[in-house]
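Residue numbers (the working numbering): 9 to 160. Below: the structure, in structure tokens.
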Ligand SMILES: [Zn+2]
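Next comes the structure, spelled out in structure tokens:
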């Protein structure tokens, strides 16, 4: 069992999947053997938690009182870069196709994956990149008026 990695289901702020050493199968929930080929034991696969929102929904009717306190809330299904899909909480308005990164928040006494949108580098041209360009056309002759009239 030393090869196991603790994940958020046991209180560690981490996403861990499993993968098969025999075939290319990857899956999220812990098993003792590969669901595709039956090979065992599976190997732990630590996940970056970065991926793309594949599906999103807003929960208005929470399953219990603890979650009712935070309703409405958003749930997303994220296709991680490791080709594993993970369900987690997200800010309201999380859009399908958005690139997100997992954090972990304690909701209703449980540590849960929470996917935050990653600000994209493109499309944010405000503030930066607007220097003092554009008025450099006039060449000022440095000190020319001061050095020349010394002859008599
Ligand atoms: Zn397999």
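We put the beta carbon where it would ideally sit given N, CA and C, even for glycine.
Closest Cα partner of residue i within the set the options
i, options, result
"residue 68", "57, 123, 52 and 100", "100"
"residue 75", "13, 114 and 33", "114"
"residue 14", "102, 37, 29 and 30", "37"
"residue 40", "31, 30, 51 and 32", "51"
"residue 89", "106, 70 and 98", "106"
"residue 17", "72, 125, 121 and 32", "121"
"residue 45", "126, 92 and 34", "34"
"residue 93", "63, 127 and 116", "63"
"residue 103", "127, 72, 84 and 57", "84"
"residue 65", "80, 31, 125 and 32", "80"
"residue 49", "28, 58 and 56", "28"
Using a strict less-than 6 Å threshold between each residue's beta carbon and the heavy atoms of ligand 1, what residues do you get? Contact residues of ligand 1 (beta-carbon closer than 6 Å to any heavy atom; chain order) are 28, 30, 31, 33, 42, 44, 45 and 47.
Within the stretch 17-58, ranges of the beta strand (DSSP E) (whole runs, at least 3 residues): Whole beta strand (DSSP E) segments, 3+ residues: 24-27 and 51-54.
Measuring CB atoms only, is the stretch 107-127 touching the stretch 18-25, in the sense that at least three cross pairs come out at less than 8 Å? With contact defined as three or more Cβ pairs closer than 8 Å, the stretch 107-127 and the stretch 18-25 are in contact.
Please specify which runs of the beta strand (DSSP E), each continuous and at least 3 residues long, are wholly inside the stretch 88-138, giving them in chain order. Every beta strand (DSSP E) of 3 residues or more that sits fully in the stretch 88-138 is shown, in chain order, as 93-98, 107-115 and 118-125.
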